[in-house]
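Visitor: Taken in order, these protein sequences are the chains called U and F. The opening position of the first sequence corresponds to residue 115 in our numbering, with each subsequent residue numbered one higher. The opening position of the second sequence corresponds to residue 115 in our numbering, with each subsequent residue numbered one higher.
Number of protein chains: 2
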Amino acid sequence: MQKSPADTVPADTSGDIMPDWLPALLGGERAALARAITAVENETDEARVVLHGIRGRLGRALVVGFTGAPGAGKSTLVSAYVAELRQRSLTVGVVAVDPSSPLTGGAILGDRIRMTRHSGDPGVFVRSLASRGHLGGLSRTAARVIDVFDAAGRDVVVVETVGTGQSEVEIAEIADVRVVVNAPGLGDDVQAIKAGILEIADILVVNKADLPFAERAARQLAAMAARKNGQAIPVLQTSATAGKGVADLADTIAAIGRRKRPDPRARTRRLLQNLALDRLRKGLAALPDAELDGLADAVLAGDLDIDTALHRLIALLRP
Amino acid sequence: MQKSPADTVPADTSGDIMPDWLPALLGGERAALARAITAVENETDEARVVLHGIRGRLGRALVVGFTGAPGAGKSTLVSAYVAELRQRSLTVGVVAVDPSSPLTGGAILGDRIRMTRHSGDPGVFVRSLASRGHLGGLSRTAARVIDVFDAAGRDVVVVETVGTGQSEVEIAEIADVRVVVNAPGLGDDVQAIKAGILEIADILVVNKADLPFAERAARQLAAMAARKNGQAIPVLQTSATAGKGVADLADTIAAIGRRKRPDPRARTRRLLQNLALDRLRKGLAALPDAELDGLADAVLAGDLDIDTALHRLIALLRP
Chain U
115 MQKSPADTVP ADTSGDIMPD WLPALLGGER AALARAITAV ENETDEARVV
165 LHGIRGRLGR ALVVGFTGAP GAGKSTLVSA YVAELRQRSL TVGVVAVDPS
215 SPLTGGAILG DRIRMTRHSG DPGVFVRSLA SRGHLGGLSR TAARVIDVFD
265 AAGRDVVVVE TVGTGQSEVE IAEIADVRVV VNAPGLGDDV QAIKAGILEI
315 ADILVVNKAD LPFAERAARQ LAAMAARKNG QAIPVLQTSA TAGKGVADLA
365 DTIAAIGRRK RPDPRARTRR LLQNLALDRL RKGLAALPDA ELDGLADAVL
415 AGDLDIDTAL HRLIALLRP
Chain F
115 MQKSPADTVP ADTSGDIMPD WLPALLGGER AALARAITAV ENETDEARVV
165 LHGIRGRLGR ALVVGFTGAP GAGKSTLVSA YVAELRQRSL TVGVVAVDPS
215 SPLTGGAILG DRIRMTRHSG DPGVFVRSLA SRGHLGGLSR TAARVIDVFD
265 AAGRDVVVVE TVGTGQSEVE IAEIADVRVV VNAPGLGDDV QAIKAGILEI
315 ADILVVNKAD LPFAERAARQ LAAMAARKNG QAIPVLQTSA TAGKGVADLA
365 DTIAAIGRRK RPDPRARTRR LLQNLALDRL RKGLAALPDA ELDGLADAVL
415 AGDLDIDTAL HRLIALLRP
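As structure tokens, then:
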């Protein structure tokens, strides 16, 4: 990661006709960025022009995913992390996939540090994505907005998801570096980290580290992470409201980013695999009862072995 | 559910040659049951004869799945539930899918009530299934052992799984009635119930109800369950070691069993859907890098839209 060369507009080498605002997008201009994101979010005709225009210009931005249980102080931590990046003169794009996120000023009175503190800073661009009740749609849109930020020269793209559903885990999984945020005592409310989220973590954070039992939560997370992955995952303690531990977090993210590298190809692979599995899962659930009953009856009657039944079941899903 | 007519051997109407011990299996004889389960577990040639011989004889046994976090006292609760069923003169088969389960005398010193208390009772037959490191294999084997118990006239088949992985959730999902067991304070150890498990629950149990905060845990579970399913799921409190609440649990299971009915066809449908999704998930993860990179690159270059890429990706999974 280095300072964005926002004043250097890459030459158009695509040979295609580009609308006049596309160089402005690639130059990182705010109005063009807003327009491009709106286009890809709404899948307008202009979206195709945008996606075409940004091709070949990806791979500079480090994409950092933040997810975790509600109540872990994730949004406040993201805001503090963004402030730290700005201190380091890095430009930031934020994709917030959380309807209750205070990032967009939506909710939760009393948060002392809110994303609105960055609202006057052109180096920070926040876009909140509304859930459309369509799982694949949301991670697809998030991936495209990430790419637009990347092409527009943002040094870091932060993706914030609430982390309680499969959809949110899949979106966070797209990121180059994934941070899972927890807080002491949340487990008591049956809101603890789910195993599926833990498995995608590159960094585990115990936020609200000023609360009792933070050390214990950190030890437990470290034990779980070591057990699950066979290798050590960093477990950091932060207190986002007090700004404690945030510089360490930024350093750790940057170090992992240097090792893993921004990788739009790997991000796109994961997106495609997640979308495909989602489509197949829905397809299996939506198969006609008659087909499923027929296969089940044939298996029960001994007329069909299970492998043949599976073969036929999967064949029914063909596009 | 009614008392097993263990002395009534159904006539063979299949027209096939049956080994002489198959009538003994259908009559519920213990040695034949052990032999049949071993056959289906090891997928020997005899397994085909067994599965053939039991066809058309399924649907009498109520299959009850128990799953939940380690430490919830699930095995002790299962043992107490089995004792309650025996009090009611019902015969039981137990399929234990938990390598650390004390049901088979494997572990955990100090458990006061263990399955071994049923070891002299011909009305209880326990079979522990070892994980073979093959997810689909385990739920397939569990389903077949369930069917053998059913055909052999067991009134109730209890399936116990540890409930921390996708595999275990899928096995519990096969059951007609699914019980999810939790205990107060487990959340503190980041071991709380996962959302995926909660979604399959017909009954939620807070075991160890003599511990502090049991009421609170029950209230929280009730709130989560109501929120997730749009309808009320019974939340019961038990203390398995003291035998408290176990009769209530048996009554509630029986009531739900009368409503949902033992349904081997529905169990087989769920088995097939789970196995198919598992196969597709593994297929997606195992696709050659070159294929995935090619699709990702084409999407990034704007040569392929995502829907077409998904179509091709899914086509690569063709069996």
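Even for Gly, the Cβ is constructed at its ideal location relative to N, Cα and C.
Helix, strand or coil: how does DSSP classify F/Thr181 here?
Guide: Strand at F/Thr181.
Visitor: Take F/Val211 as the anchor and find which of F/Leu243, F/Thr205, F/Thr190, F/Arg202 has the nearest alpha-carbon.
Guide: It is F/Leu243.
Visitor: Starting from the Cα of U/Asp111, find the closest Cα among U/Ile317, U/Leu318, U/Ala332 and give me that residue.
Guide: Outside the shown range of chain U, which is 115 to 433, sits residue 111 of chain U, and nothing can be said about it.
Visitor: Might you give, ordered along the chain, the residues of its own chain that have their beta carbon closer than 6 Å to the beta carbon of F/Ala399, omitting 5 neighbours on each side?
Guide: The answer is none, since no qualifying residue turns up.
Visitor: What would DSSP say about F/Asn388, mapped onto helix, strand or coil?
Guide: Helix at F/Asn388.
Visitor: Hey, how far is the Cα of F/Gly224 from the Cα of F/Val178?
Guide: Summary for F/Gly224: the model assigns pLDDT 29, below 50, so the residue's position carries little reliability, and this model does not support an answer.
Visitor: Can you pull the chain U neighbours of F/Thr355, defined as C-beta to C-beta under 7 Å?
Guide: Going along chain U, no residue has its Cβ under 7 Å from F/Thr355, so there is no contact; the nearest lies around 23 Å.
Visitor: Can you check whether the C-beta of F/Gln387 is within less than 8 Å of a C-beta belonging to chain U?
Guide: By this cut-off, F/Gln387 is an interface position.
Visitor: In chain F, what lies closer than 8 Å to U/Val413 by C-beta?
Guide: Near U/Val413 (Cβ distances below 8 Å), the residues of chain F are Thr382, Leu386.
Visitor: Out of U/Leu199, U/Ile260, U/Gln201, which has the shortest C-alpha to C-alpha gap to U/Leu165?
Guide: Looking at the Cα atoms, U/Ile260 is the closest of the given residues.
Visitor: By a C-beta neighbour count over all protein chains shown, 10 Å radius and 16 as the cutoff for buried, is U/Gln201 buried or exposed?
Guide: Classification of U/Gln201: exposed, given that the 10 Å Cβ count is below 16.
Visitor: Using a Cβ-Cβ cutoff of less than 7 Å, which residues in the same chain neighbour U/Gly397 once the five nearest sequence positions on both sides are dropped?
Guide: Closer than 7 Å at Cβ, skipping near neighbours: Leu431.
Visitor: Look at U/Val291 and U/Leu427 and say whether their C-beta atoms are less than 8 Å apart.
Guide: For U/Val291 and U/Leu427, no; Cβs fall outside 8 Å.
Visitor: Are the CB atoms of U/Val192 and U/Leu199 within a distance shorter than 8 Å?
Guide: The answer is no: Cβ separation not under 8 Å.
Visitor: Using a Cβ-Cβ cut-off of less than 8 Å, list which residues of the stretch 420 to 433 of chain U approach chain F; keep chain order.
Guide: Correct list: Ile420, Ala423, Leu424, His425, Leu427, Ile428, Ala429, Leu431, Arg432, Pro433.
Visitor: Could you name the residues of the same chain whose beta carbon sits closer than 6 Å to that of U/Ala138, not counting the 5 residues immediately before and after it, in chain order?
Guide: Once the five neighbours on either side are set aside, the close Cβ partners of U/Ala138 are Ala146.
Visitor: So the candidates are U/Val413, U/Ala412, U/Asp417, U/Asn388; which of them puts its Cα closest to the Cα of U/Arg254?
Guide: Closest by alpha carbon: U/Asn388.
Visitor: Do we get a CB-CB distance below 8 Å when we pair U/Gly251 with the residues of chain B?
Guide: In the structure shown, chain B does not exist; the protein chains are U and F.
Visitor: Give a yes or no on whether the C-beta atoms belonging to F/Leu424 and U/Ala390 are separated by under 8 Å.
Guide: Yes; because the gap between Cβ atoms is below 8 Å, this pair is in contact.
Visitor: Strictly under 8 Å for the Cβ-Cβ distance: is U/Pro378 near chain F by that measure?
Guide: Judged by the 8 Å Cβ criterion, U/Pro378 is in contact with chain F.
Visitor: Give me whichever residues DSSP pairs with F/Leu424 in a beta bridge.
Guide: DSSP output for F/Leu424 lists no bridge partner at all.
Visitor: Can you tell which of F/Gly142, F/Arg149, F/Glu157, F/Ala194 has its C-alpha closest to the C-alpha of F/Thr355?
Guide: The shortest C-alpha separation from F/Thr355 is found at F/Ala194.
Visitor: Contact check, U/Val320 vs U/Ile367 under 8 Å by CB: the rounded distance?
Guide: About 16 Å; that fails the 8 Å criterion.
Visitor: Quick one: what's got a C-beta closer than 6 Å to U/Val271's C-beta in the same chain, skipping five residues either side?
Guide: Ala175, Val177, Gly207, Ile260, Phe263.
Visitor: Pop quiz: U/Ala257 and U/Leu385 are said to be a contact at Cβ under 8 Å. What is the actual Cβ separation, rounded to whole angstroms?
Guide: 5 Å between Cβ atoms; contact.
Visitor: Is there a C-beta anywhere in chain U that falls below 8 Å from the one on F/Asp407?
Guide: Taking Cβ atoms only, chain U reaches closer than 8 Å to F/Asp407, which makes this a yes.
Visitor: Could you tell me the boundaries of the beta strand (DSSP E) in which U/Ala210 lies?
Guide: Unbroken beta strand (DSSP E) run through U/Ala210: 206 to 211.
Visitor: Return helix, strand or coil for F/Asn296, following the three-state DSSP convention.
Guide: If DSSP states are grouped into helix, strand and coil, F/Asn296 belongs with the strands.
Visitor: Given this structure, state the Cα-to-Cα distance separating F/Ile151 from F/Leu401, to the nearest angstrom.
Guide: Roughly 35 Å separates the two Cα atoms.
Visitor: Throw me the rounded Cβ distance for the U/Leu418 and F/Arg379 pair, which I believe falls under 8 Å.
Guide: Not a contact, Cβ separation roughly 13 Å.
Visitor: Just to confirm the assignment, what range does the alpha helix (DSSP H) spanning U/Leu106 have?
Guide: Since the first and last residues shown for chain U are 115 and 433, residue 106 of chain U lies out of range.
Visitor: Might you give, ordered along the chain, the residues of its own chain that have their beta carbon closer than 8 Å to the beta carbon of F/Ile288, omitting 5 neighbours on each side?
Guide: Excluding sequence neighbours, F/Ile288 sits near Val177, Gly179, Ser253, Ala256, Ala257, Ile260, Val273, Arg381, Arg384, Leu385, Asn388.
Visitor: Taking only three categories from DSSP, how would you classify F/Arg372?
Guide: Residue state, collapsed to three classes: helix.
Visitor: Pull up the DSSP beta-bridge partners for U/Arg241, would you.
Guide: Answer by DSSP bridge pairing, in chain order: U/Val209.
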